Every structure is written in C-alpha cells, then in structure tokens.
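First the structure, in the form of structure tokens, and then the observations on it.
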Ligand SMILES: [Zn+2]
Ligand SMILES: [Zn+2]
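Numbering (the numbering used here), first residue to last: 157 to 303.
The following block contains the structure:
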C-alpha cells in the first residue's frame, strides 16, 4: 500500500472550435477563448446539465453541448466539418461559381427593374440574393471567384 490515491486518468479532449487544436480538460467544453464565444444562455445550459460532472453524458448534457458547439462553430464561420478541396477541385468550383454568378447577375435592360422603386424587380432581386449565396459559399470554401 503506497497510500497514494490512484491517479485518475485525466481525460482531455480537443477543443471543438473549428480549426482549434487546443487540448482541454474533461471538465471544460472548449478552450477559454472559444468557450467565451458561446452565447451566455447556452453556456449556462451546459453548466446546468453538467451538474459538477454528475450529468455528464446525460441527454440534457449532450443536447446542451451540441447546441453550444453549433453556436460556436456558426460564429467561427461554418459547420464543424471542414471541406478541403484539392487545387483542381477549387479551380473547377471557381469556374462553376463564376458561371453561375454571371448567369444570375442582373444585366442589360429590364423594364420591371426600371419601374421598380428599388430599381430591382422581384426576379432580379432574387437572382442577386442567389449570387450572394454563391459568393458566401465560395468564401466558406476558401475559393476566390474570378469576377
Ligand atoms: Zn478552441
Ligand atoms: Zn428586372
């Protein structure tokens, strides 16, 4: 008998923040900066469900953690899964997006647009929204779209 308490395996895990490789202790969800990026009510929910570790792994805790991680990664700019395209895939994607954007971009004469108070008719406003979505997607994927 050595009299020493057995050292519990100190479980640690990787911070769930997108692209973050920080190891964090079992009692914490994310590294400090990322933890504080999670909206306060969601953090409170995680603590409430954690109950000093008693609630670990409970459905409430899992749900609270999932919501918190989703909110964090939404702030970090995308889903937790990272899409990494090869160079040729990126080129292909950039071409596709450029085509899609030039197809959607309001161009030339449109009588509806001319008459519309916002100088953009409903159809063309919808097209412009789509263009924005394409560009946002390209940004998320780290692709530069030739304009
Ligand atoms: Zn982190
Ligand atoms: Zn129009």
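Ideal Cβ positions, reconstructed from N, Cα and C, are used throughout, including at glycine. Nothing here was measured: the structure is a model prediction, and the numbers come from that model.
Per DSSP, residue 272 lies in no alpha helix (DSSP H) and is assigned neither H nor E. Annotation for residue 240: no residue places its beta carbon closer than 6 Å to its own, counting only its chain and skipping 5 residues before and after. Within the same chain, 205, 206, 211 come within 7 Å of residue 217 by CB-CB distance, once the 5 residues on both sides are set aside.
Just so you know, the alpha carbons of residue 198 and residue 170 end up roughly 20 Å apart. When secondary structure is reduced to three states using DSSP, residue 209 falls in the helix class.
A distance below 7 Å between beta-carbons, with the five flanking residues on each side excluded, links residue 287 to the following residues of its chain, in chain order: 257, 260, 261.
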